[in-house]
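21 is the number of the first residue of the sequence shown in the numbering used here; add one for each residue after it.
Built from N, CA and C at the ideal position, the CB exists for glycine as well.
Have a look at the structure below before the remarks.
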Amino acid sequence: MSRREQFERDGFLMIENFMSAEQCDALKARANALVASFEPTEEHRSIFSTVDQTKTSDEYFIESGADIRFFFEADAFDERGELRQPLELSINKFGHAQHDLDPVFDAFSRDLKVADLADELGLEHHVIMQSMYIFKQPHIGGEVVCHDDHSFLWTDPESCVGFWFAIEDATLENGAMWALP
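Here you go:
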């Protein structure tokens with residue numbers, strides 16, 4: 021069965037080692053450098069949650085589509101507003117325009133293999149709507165409930181397709197993504 025047939029049948033496709041280890045290492049190093057350079061102010065203390073949608077509707081989040089913005093884990097701050105653990109272990113994700121604003125993310129996102137796969141799957145007029153780098157931090161982090169990304173990126177007709185890349189090996193023990201056919 022072709023990848024396109026499998027994608028059309030199941031609604032998802034898993035391709036192991038699609039991007040090289042070197043590309044993944046470069047992206048991880050850049051992500052860590054971006055986090056290290058982040059200096060959060062009160063305005064930047066936005067929490068990302070798929071459970072509590074009010075936490076994804078603040079102005080900082082809503083306006084992140086044209087920027088690189090950082091979002092904290094739900095339990096990142098204590099009752100005094102101080103981080104419970106180091107900054108680099110408190111970030112849930114960052115997004116949503118690093119594919120346009122950062123050269124390392126641009127090179128990864130616009131690699132010809134990605135465009136070729138979109139063509140192979142029959143996706144017409146494909147463009148990058150957003151990009152995210154999601155951390156799976158140890159000992160912190162809220163539940164990511166089953167959700168449809170279409171609810172975050174609404175199009176009519178439904179035409180949005182997400183490409184997710186595991187930058188590190190994903191296992192049942194460390195937070196692999198699940199998909200329902």
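| Sorted by chain position, which residues of the same chain lie with C-beta nearer than 6 Å to Glu108's C-beta, five sequence neighbours on each side aside? | Val55
| task | Return the CA-CA distance between Ala135 and Trp198, expressed in angstroms with no decimal places. | result | 24 Å
| Pro158 to Gln150 span [Cα, whole Å] | 26 Å
| query | Going along the chain, which residues of its own chain have a beta-carbon closer than 6 Å to the beta-carbon of Arg104, five neighbours each way excluded? | reply | Asp98
| message | Rounding to the nearest angstrom, what Cα-Cα distance links Phe58 and Tyr80 in this structure? | response | 15 Å
| His116 and Ser84 look like a contact to me (Cβ under 8 Å); what is the Cβ gap, rounded to whole Å? | 5 Å
| query | Using the beta-carbon count (16 or more within 10 Å), is Ser110 buried or exposed? | reply | buried
| message | According to DSSP, simplified to helix, strand and coil, what is Ser151? | response | strand
| Through-space distance from Ile160 to Gly101, alpha-carbon basis | 16 Å
| Is Lys113 helix, strand or coil when you go by DSSP? | strand
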